[in-house]
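Chains as they are written, first to last, in the numbering used here: chain A, 1 to 396; chain B, 1 to 396.
For each residue, glycine too, the CB sits at the ideal point set by N, CA and C.
2 protein chains.
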Amino acid sequence: MNIRYAERTSSIKASEIRELLKLTEKPEIISFAGGLPAPELFPLKKINEVMSEVINEKGSIALQYASTDGYTPLREIILNQRVKPAGIDCEISNIMLTNGSQQGLEFSAKLFINKGDTIVCESPSYLGAINAFAAYQPKFIEIPMDEHGMIVEKLENVLINHHEEIKMIYTIPDFQNPSGITMSIERRKRIAELAAKYEIIVIEDSPYGELRFEGESLPPIKSFDKLGYVVNLGTFSKTFCPGLRLGWIVAEQEIIRKYILIKQGADLQCNTLAQVFTAEYMKKYNLDEHISEIISVYRRRRDLMLNSIKEYFPKDIKYTYPVGGLFTWCELRSDLDTAEILQEALKENVAFVPGLSFFPNGGKKNFFRLNYSNMDEERIVEGIKRLGTVLRKYYE
Amino acid sequence: MNIRYAERTSSIKASEIRELLKLTEKPEIISFAGGLPAPELFPLKKINEVMSEVINEKGSIALQYASTDGYTPLREIILNQRVKPAGIDCEISNIMLTNGSQQGLEFSAKLFINKGDTIVCESPSYLGAINAFAAYQPKFIEIPMDEHGMIVEKLENVLINHHEEIKMIYTIPDFQNPSGITMSIERRKRIAELAAKYEIIVIEDSPYGELRFEGESLPPIKSFDKLGYVVNLGTFSKTFCPGLRLGWIVAEQEIIRKYILIKQGADLQCNTLAQVFTAEYMKKYNLDEHISEIISVYRRRRDLMLNSIKEYFPKDIKYTYPVGGLFTWCELRSDLDTAEILQEALKENVAFVPGLSFFPNGGKKNFFRLNYSNMDEERIVEGIKRLGTVLRKYYE
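The structure is reproduced here in structure tokens:
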């Protein structure tokens with residue numbers, strides 16, 4: 001067999017997380033590797049009740065083909081219950097449904113990136129986005145972060161020198177994946193201004209924005225967007241159920257129309273049943289109440305993880321303090337390689353994601369990401385304790 | 001706003017069918033335009049029962065993230081109940097789930113097509129495939145058909161002269177969309193041989209293969225594939241429910257592994273709930289019995305449509321006799337333009353799809369496609385009668 005693949009396939013890598021998740025499926029493994037929500041919080045009784053009503057009353061619509069932009073009642077609910085309350089002023093024609101925000105990321109690269117164009121992102125950044133973008137063969141420029149997110153002075157320097165080649169700024173302003181860092185309001189405003197000034201699209205990825213444990217919610221970059229250069233991506237994967245694969249894109253109408261054409265070719269439309277069901281669920285039940293429950297559970301888990309890190313990790317290891325979301329990010333001594341340390345950790349039946357894949361240009365081996373949403377409290381303490389034992393060997 | 005889109009976006013067109021479907025949503029329109037299955041055949045009671053069991057008993061799995069290649073029990077069932085009985089000898093590792101076969105088409109272009117590569121297809125061919133491929137900026141060579149499908153002598157001539165540039169042969173062997181034509185067994189064998197000889201991938205699209213009204217099922221091209229150059233695409237959209245968005249790819253392991261990487265970047269995975277539900281449904285109920293019901297309804301509708309055409313259309317109009325599937329294909333006098341005739345038909349509240357978009361290189365305006373699966377018997381007769389009145393004006 002001598003298959004002639006497209007050139008782009010040489011740029012497509014396996015997601016390190018998805019590969020790791022297979023390893024960590026064994027029940028004896030305490031895994032801080034994934035980004036999975038806590039399944040014990042899925043409101044199964046309510047879901048069952050609403051799903052049954054949908055199939056009984058609207059089955060012939062809910063199981064049939066539907067429009068590419070998405071089921072209109074769900075788009076209305078997303079507009080009124082999620083997008084407008086977040087501070088984005090727009091209309092239903094500015095919203096299109098996607099299979100989770102991952103599809104919004106892939107479509108964005110397909111829509112904006114020619115081979116060789118440059119994407120600017122935080123350093124580190126979400127590896128699922130990096131992989132989705134990589135298929136379109138871009139270059140990446142990484143902008144360092146501090147505790148207030150992407151350092152916009154460094155971003156501006158890059159834009160001044162390279163704005164011709166730069167087609168996209170990719171950012172996760174809230175509780176960033178993998179770092180857990182949240183961008184300040186001043187920087188959000190500034191990024192919107194810079195995007196307009198240099199005519200560069202911003203892809204604002206907000207999967208965790210609604211999972212804030214403390215302090216006030218900050219408005220999305222899209223809320224400061226006067227000229228239409230910001231595209232905002234939302235999802236139900238972290239606030240409801242990821243298995244439904246429902247996310248959305250908010251953008252100017254001209255841009256949404258092009259996303260719709262891409263969606264037509266890609267897979268015609270999202271699962272109709274999931275769309276009709278989610279619309280009916282959100283009419284009947286208050287999603288915000290459900291999110292409050294998730295927040296209180298994740299907050300306790302975060303506290304427990306950070307307290308355990310403080311107790312069991314070597315003192316020289318730095319880690320972030322996430323005010324929401326699913327992750328904290330650990331920095332080891334610069335000579336250490338977390339991919340090697342993972343092998344040792346797996347021997348103790350505990351897993352994390354090594355940080356290297358989160359840097360699109362590579363090179364940084366001394367970081368790892370920890371997830372606290374998917375393990376119960378007992379396992380969090382036990383897992384961090386075991387990991388501490390592994391790590392202390394490197395710090396003696 | 002001055003948005004710099006990727007160059008490929010200039011090749012992406014709106015699907016004429018999806019645009020038309022919006023027009024034809026009005027209840028007074030008798031639409032032969034879509035390719036929708038008959039929703040009155042969805043087994044809602046059984047679906048409701050199985051869905052309720054799935055949410056109750058497996059909810060925390062069915063609503064969570066799952067693996068990219070697909071839910072293993074569903075892949076097993078697809079292997080044993082659909083792929084092997086169709087005559088394809090393979091294993092579970094040769095199967096990956098997709099969001100309908102549309103996603104399999106888009107992934108195929110992403111995996112195999114560089115800008116400027118050539119795709120060979122039937123003339124006419126499925127416009128959703130043409131649109132999905134177009135985003136990757138290929139050239140198309142169209143191969144004429146006769147009543148036995150793509151004329152393989154013409155295909156071979158093209159391969160002899162252009163095999164370097166040709167990366168893919170795209171074909172729908174059973175009850176082709178839009179023509180309704182079925183490829184003979186000899187030609188299926190020959191295409192598998194030619195693919196191996198010239199080392200060219202065949203994308204065999206089989207959405208309707210199981211909906212045969214008469215005569216014996218023919219083995220798929222994939223069943224004659226000795227060296228692994230044939231990729232077979234299947235779906236539940238026409239045999240069960242399109243709203244679930246579940247299809248599959250059957251290919252060599254080396255190729256499937258690359259499709260999985262593309263799926264990871266594209267949207268991580270298919271809807272988990274739809275996958276678990278469909279697996280449980282097919283364990284409990286016999287899908288073949290359901291397909292038998294669909295076949296008997298569609299067969300009656302086909303007969304009624306063809307009889308009505310015979311009665312009400314001008315005698316000079318040619319049309320195909322589909323032995324299965326959803327469509328017949330009409331050829332008018334060569335000076336007529338079916339896009340113009342559609343405007344007249346819409347005034348009489350009847351719709352079809354003009355044929356032009358089914359020819360990737362354009363130029364042929366005197367064809368249209370009729371769907372008979374989605375209208376009840378009374379409306380089929382009334383619609384064809386009205387269309388006959390419109391058409392007779394052009395033949396007086």
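Query: Counting only beta-carbon atoms, is residue 121 of chain B nearer than 9 Å to chain A?; Result: no
Query: How far does the alpha helix (DSSP H) with residue 12 of chain B in it extend, from its first residue to its last?; Result: Segment: none, residue 12 of chain B is in no alpha helix (DSSP H) and carries neither H nor E.
Query: With a CB to CB cut of under 8 Å and the five nearest residues on each side skipped, what residues in its chain are close to residue 162 of chain B?; Result: 118, 141
Query: Okay, do the region 227-234 of chain A and the region 250-260 of chain A touch, 3+ Cβ pairs below 8 Å being the bar?; Result: yes
Query: Could you tell me whether any Cβ in chain C is nearer than 9 Å to the Cβ of residue 232 of chain B?; Result: Of the chains in the structure shown, none is chain C; the protein chains are A and B.
Query: Ignore the nearest five residues each way along the sequence and tell me which others in residue 320 of chain B's own chain have a CB closer than 7 Å to its CB.; Result: 179, 180, 181, 328, 329
Query: Just to confirm my understanding: we take residue 359 of chain A, look at its own chain, exclude 5 residues before and 5 after, and list those with CB closer than 7 Å. What are they?; Result: 123, 124, 142
Query: What are the uninterrupted segments assigned as beta strand (DSSP E) that are 3 or more residues long and contained completely in the region 80-105 of chain A, given in chain order?; Result: 95-98
Query: Compare the Cα-Cα distances from residue 37 of chain A to each of B:20, B:19, B:65 and report the closest residue.; Result: B:65
Query: Using 10 angstroms around the beta-carbon of residue 343 of chain A, count the other beta-carbons present and answer buried if the total reaches 16, otherwise exposed.; Result: exposed
Query: I'd like to know whether the C-beta atoms of residue 21 of chain B and residue 31 of chain B end up nearer to each other than 9 Å.; Result: yes
Query: How far does the beta strand (DSSP E) with residue 371 of chain B in it extend, from its first residue to its last?; Result: 367-371
Query: On a CA-only basis, which of A:393, A:266, A:151, A:259 is nearest residue 313 of chain A? Give me that one, please.; Result: A:393
Query: Sorted by chain position, which residues of the same chain lie with C-beta nearer than 7 Å to residue 144 of chain A's C-beta, five sequence neighbours on each side aside?; Result: 123, 151, 154
Query: Could you tell me which chain A residues have their CB closer than 8 Å to the CB of residue 100 of chain B, listed as they occur along the chain?; Result: 267, 268
Query: How far does the alpha helix (DSSP H) with residue 258 of chain B in it extend, from its first residue to its last?; Result: 253-267
Query: Name, please, each residue of chain B whose Cβ falls closer than 7 Å to the Cβ of residue 167 of chain A.; Result: 4
Query: Does residue 139 of chain B have its Cβ less than 9 Å from a Cβ in chain A?; Result: no
Query: To the nearest angstrom, report how far apart residue 2 of chain B and residue 164 of chain A are at their CA atoms.; Result: 13 Å
Query: Using the C-alpha atoms, what's the distance from residue 254 of chain A back to residue 120 of chain B?; Result: 33 Å
Query: Kindly indicate which three-state DSSP category residue 131 of chain B falls into: helix, strand or coil?; Result: helix
Query: Given residue 219 of chain B, which residues of its chain have a CB within under 8 Å of its CB, disregarding the five upstream and five downstream residues?; Result: 86, 87, 185, 188
Query: Can you round the beta-carbon distance between residue 111 of chain A and residue 6 of chain B to whole angstroms, since I take them to be within the 8 Å contact cut?; Result: 6 Å
Query: Please list, in chain order, all residues of the same chain as residue 12 of chain B whose beta carbon is under 8 Å from its beta carbon, the five residues on each side excluded.; Result: 131, 134, 135
Query: Note down, in chain order, all residues in the region 50-61 of chain B with a beta-carbon under 8 Å from any beta-carbon belonging to chain A.; Result: 51, 52, 55, 56, 59, 60, 61
Query: Note down the Cα distance separating residue 103 of chain A from residue 262 of chain B, rounded to an integer number of angstroms.; Result: 11 Å
Query: Based on the DSSP secondary-structure assignment, which residues constitute the bridge partners of residue 140 of chain B?; Result: B:119
Query: For my contact list, residue 271 of chain B and residue 244 of chain A are in at a C-beta cut-off of 8 Å; report their separation, rounded to the angstrom.; Result: 6 Å
Query: Are at least three pairs of beta-carbons, each pair with one atom in the region 295-310 of chain B and one in the region 376-385 of chain B, less than 8 Å apart?; Result: yes
Query: Excluding the 5 residues flanking residue 351 of chain A on each side, which residues of the same chain have their C-beta closer than 8 Å to its C-beta?; Result: 20, 23, 24, 29, 30, 31, 32, 33, 342, 345
Query: Just to confirm the assignment, what range does the beta strand (DSSP E) spanning residue 171 of chain B have?; Result: 166-171
Query: Specify whether the region 294-305 of chain B and the region 368-380 of chain B touch according to this definition: at least 3 beta carbon pairs, one from each stretch, less than 8 Å apart.; Result: yes
Query: Relative to the C-alpha of residue 355 of chain A, which residue among A:365, A:361, A:348, A:395 is closest?; Result: A:365
Query: Could you check the C-alpha separation between residue 195 of chain B and residue 93 of chain B for me, to the nearest Å?; Result: 22 Å
Query: Between B:361, B:107, B:257, which lies nearest to residue 14 of chain A when the distance is taken from Cα to Cα?; Result: B:257
Query: Quick one: what's got a C-beta closer than 7 Å to residue 76 of chain A's C-beta in the same chain, skipping five residues either side?; Result: 92
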